[in-house]
């Protein structure tokens, strides 16, 4: 069978590497991004471009998004020259970003009215994994739509998890990031409090890492707080955004999370202090100066 034509919007570090991987595997790509250099890089490898999301959607079988916020996704979908205005019956929209599930449900319902499907498929792992087709992909949507895009997802991910109905992927990703980012906040503050109390940070890590608190996230925090190496490639700004989305999801479900609210307040304060571009374990610097 011939490979489906793919339109890809969002050529940041992750999206650009995903496109490179797909091009290496013989897919025909049409790309869009505000970054003209990123577009030119893809075009030099054989990709086409489109003047609008409407034009792109009308020309492909699968539209893929790797965008930063739900607001941007909705703008690209619902704009006058957006995806919804151009997508073909039988086509599929795949959202690889981290979005609010209620927004995903709304978009999916509107696409269905045009005979198109949707899969939410947020990602795990790094841009380096994206380039090699080794991502973790948390995919959700109706079974027929998932099976339609499954071979392409398997060319992009080492592990493709099917999680059920539309929105389950974004829900799972937000829960995953809630656990990860609150762990980073807790461990970073633990190092900061140890420092203030005169306890050696390396010794604290040596003791805690031998017990059940040990985790990769603890090691990322230790690398920054003790070794001054910032190697968790996830920005404080993105952590702040994702915890905000988690809180919105919890609210939409009629519940609350005081744990997330506390970590979110700290991430927002660090972001407001100009730390947004740093990797999230760098919140240690915010905790170290808190109250001084």
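Numbering (the working numbering), first residue to last: 4 to 295.
Glycine included, C-beta positions come from ideal geometry on N, C-alpha and C.
Note that the structure is predicted; figures quoted are calculated from it, not measured.
- Just measuring C-alpha positions, the residue of 160, 211, 247 and 176 sitting nearest residue 190 is 211.
- Note on the stretch 68-150: whole beta strand (DSSP E) runs with a minimum of 3 residues are 95-98, 120-123 and 138-142, in chain order.
- Nearest in C-alpha terms to residue 131, of all of 16, 247, 116 and 205, is 16.
- Between the stretch 136-149 and the stretch 196-208 there are fewer than three inter-stretch CB-CB distances shorter than 8 Å, so the stretches are not counted as touching.
- A contact between stretches requires three or more CB pairs, one per stretch, nearer than 8 Å, and the stretch 82-94 fails this requirement with the stretch 153-168.
- Taking the Cα positions, residue 167 is about 16 Å away from residue 96.
- When C-alpha distances from residue 80 are compared across 98, 24, 64 and 239, the shortest belongs to 98.
- The way I'd put it, the stretch 284-295 doesn't touch the stretch 106-116; fewer than three beta-carbon pairs between them come closer than 8 Å.
- The Cβ neighbour count for residue 29, taken over all protein chains shown within 10 Å, is under 16; the residue is labelled exposed.
- For residue 37, the secondary structure class from DSSP, reduced to helix, strand or coil, is coil.
- For the stretch 188-264, the continuous alpha helix (DSSP H) assignments of 4+ residues that do not extend past its boundaries occur at 204-211, 219-228 and 239-255, in sequence order.
- Around the beta carbon of residue 256, fewer than 16 other beta carbons lie within 10 angstroms, which makes this residue exposed.
- Residue 177 sits in a helix when the DSSP states are folded into three classes.
- Straight through space, the alpha carbons of residue 117 and residue 47 are spaced by roughly 34 Å.
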